[in-house]
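A.B. asks:
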Amino acid sequence: MTTERGTPSGSTVSPQQVALTDTPPGATTRVRFRSGLLLGLSGAALGLVTTPFLAVAGFLAGGWSGIGGPPLLVALHAACTSAFGWSEPIDVQQAYGRPLLFVLVALLLGLGTWWRHVPSGGRAARVARWCVALGFTLGALGNVTDYWLGFRFSAALWSVGFGVLTVPGLMMMTVGSSMLGVSMLRARVTAGAVALSLTFPAAALDGAVGLHYLPAAPLFALCLAWLVVFATALKDRASS
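If you count the sequence shown from 1, you need to add 102 to reach my numbering.
(1) Rounded to the nearest angstrom, what separates GLY294 and LEU324 at their Cα positions?
(2) Let me know the secondary structure DSSP gives SER341 once reduced to three states.
(3) When DSSP labels each residue in this structure, what does PRO172 get in the three-state scheme?
(4) Extract the residue ranges of the alpha helix (DSSP H) inside the region 227–286, only unbroken runs of 4 or more that lie entirely within it.
(5) Taking GLY214 as the reference, give the member of TYR315, SER299, ARG134 with the closest Cα.
(6) If you check the beta carbons only, do GLY237 and MET275 fall under 7 angstroms apart?
(7) I'd like to know whether the C-beta atoms of LEU243 and GLY145 end up nearer to each other than 7 angstroms.
(8) Where does GLY223 sit, in a helix, a strand or coil, going by DSSP?
(9) Tell me whether the region 293–313 and the region 251–264 touch, counting them as touching only if at least three CB pairs, one residue from each stretch, are closer than 8 angstroms.
(10) Which first and last residues belong to the alpha helix (DSSP H) in which LEU307 is found?
(11) Count the other CB atoms, across all protein chains shown, that sit within 10 Å of the CB of TYR310; report buried if there are 16 or more and exposed otherwise.
(12) Is the region 317–334 touching the region 138–153, taking contact as three or more C-beta pairs under 8 angstroms?
(13) Expressed to the nearest angstrom, what Euclidean distance is found between the alpha-carbon atoms of VAL266 and SER341?
(14) Helix, strand or coil: how does DSSP classify HIS314 here?
(15) For LEU251 versus GLY271, is the C-beta spacing smaller than 7 angstroms?
(16) Helix, strand or coil: which one does DSSP assign to PRO201?
(17) Please state if the CB of ALA319 and the CB of LEU313 are separated by a distance shorter than 7 angstroms.
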């Protein structure tokens, strides 16, 4: 004969076993949700730190430092040159480009976690989410061909990966994020919705007068927007 929990009658159950069997069903879900958002948040934070350095390295490697550039990039160039003594911009470009693979993967996983716990919205919102997810995926693959394989084996591989994977991925990320933000604003005005809706214009402005380098300029705007989204979601979950 067994009890309702499946334990033979007359046997004893330790307090640890009771604690395990009495764990609320939603506890694991909450832990996964929080972990996924924290991963996305850490990726966005790393992206905000690394993209300016990547832009400066690309600025140097492209030979633009002698002909001027956007004021922000020129100031960063002067600060980094004096502080770090960078003499080989290609090496610096590779060093700060490779961590973007973690940034993109972390953002993709954070998006997946956020996606599963937030109402999907209408058709436009669902299309926008898939657009962002595909953009992050293409961007991650492009990072591998650019900074991991292209720098090591072939400049042609870098060129193909950049044109076929990185650039389309960046476009899908920024356009999709702005579309998603606009669709969210129609339902409710939140900090995350506003940040996402401004992703595309922020990326364009950053590219014109800020970091002025691909993929750094749009990724900086994307990381900033999704940092707000993930942080807001964590705050809302903690207060609920």
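Note that CB positions come from ideal geometry on N, CA and C, so glycine has one too.
Predicted, not measured: the structure shown is a model, and the values here were computed from it.
C.D. replies: Quick look at the numbers:
(1) 12 angstroms
(2) helix
(3) coil
(4) 257–263
(5) ARG134
(6) yes
(7) Inclusion of LEU243 and GLY145 in the CB contact set at 7 angstroms is not warranted, their separation being larger than that value.
(8) coil
(9) no
(10) 301–311
(11) The sequence shown places Ala at residue 310, rather than the Tyr named in the question. Exposed is the call here.
(12) Yes, the region 317–334 is in contact with the region 138–153.
(13) Distance between the alpha carbons of VAL266 and SER341: 43 angstroms.
(14) coil
(15) Between LEU251 and GLY271, the C-beta spacing is not below 7 angstroms.
(16) coil
(17) yes
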